[in-house]
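Reading through the structure tokens given below for one structure.
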């Protein structure tokens with residue numbers, strides 16, 4: 003599915019674009035005129051964490067659940083826990099910030115790395131460590147990712163990283179190819195009139 007045929011939340015539509023027309027998420031750093039999609043901007047990520055801003059559209063996430071897109075390993079762990087009737091809580095921190103439900107559904111469909119199981123990363127992390135060792139050019143996403151809703155999140159802003167931990171799974175939407183989420187995204191945008199809760203202007 004072409005990215006420009008995916009319905010876009012209004013706040014995402016207002017985001018800056020790259021040369022291909024892709025909207026650039028709030029936490030994506032720029033190098034000159036080119037966004038570095040595989041990397042995360044420390045200052046923008048810290049601002050999103052502290053002010054409860056969506057990491058995609060940079061507008062306020064209302065109190066309540068937050069969403070993120072997870073890869074194959076975490077998706078499988080969540081699926082197994084839910085199937086067994088066990089609560090799931092991953093105590094490991096991640097660099098991946100949360101967002102609105104519509105924004106994460108949208109991101110899962112238009113980000114080439116998130117959307118397809120055979121997709122490969124285009125960039126390597128600038129300073130790989132335990133948190134970013136998986137950000138390697140050519141790394142494959144793997145089977146069955148998911149858009150996951152959580153009851154809330156915790157965060158810590160260190161001198162070099164912004165770390166997130168997510169609490170209490172409230173929704174699990176697995177996908178092989180993310181265009182499976184099109185009906186959910188359409189319904190979410192219809193409920194909100196194409197808008198997302200919260201104020202603030204994208205930047």
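Residue numbers (this note's numbering): 3 to 205.
Idealized CB from N, CA, C, for every residue including glycine.
For clarity, every value in this text was computed on a predicted model and none was experimentally measured.
Check	Outcome
Helix, strand or coil at residue 151 [DSSP, three-state]	strand
DSSP beta-bridge partners of residue 156	167
Cα-Cα separation between residue 190 and residue 167, rounded to whole angstroms	25 angstroms
Cutoff 6 angstroms; reference residue 164; Cβ partners in own chain excluding five residues on either side	47, 48, 51
Residue 102 (DSSP reduced to helix, strand or coil)	coil
When 108, 112, 151 are compared against residue 4, the one with the closest alpha-carbon	112
Contact check, residue 43 vs residue 31, beta carbons under 9 angstroms	yes
When 90, 149, 91, 114 are compared against residue 105, the one with the closest alpha-carbon	149
Inter-residue spacing [alpha-carbon to alpha-carbon] between residue 174 and residue 27	22 angstroms
Whole-angstrom distance between residue 25 and residue 15, CA atom to CA atom	7 angstroms
For residue 41, the three-state DSSP class (helix, strand or coil)	coil
Alpha-carbon spacing of residue 69 relative to residue 151, whole angstroms	4 angstroms
Which of helix, strand or coil DSSP assigns to residue 176	strand
Residues of its chain near residue 159, where Cβ-Cβ distance is below 6 angstroms and the 5 sequence neighbours each way are ignored	48
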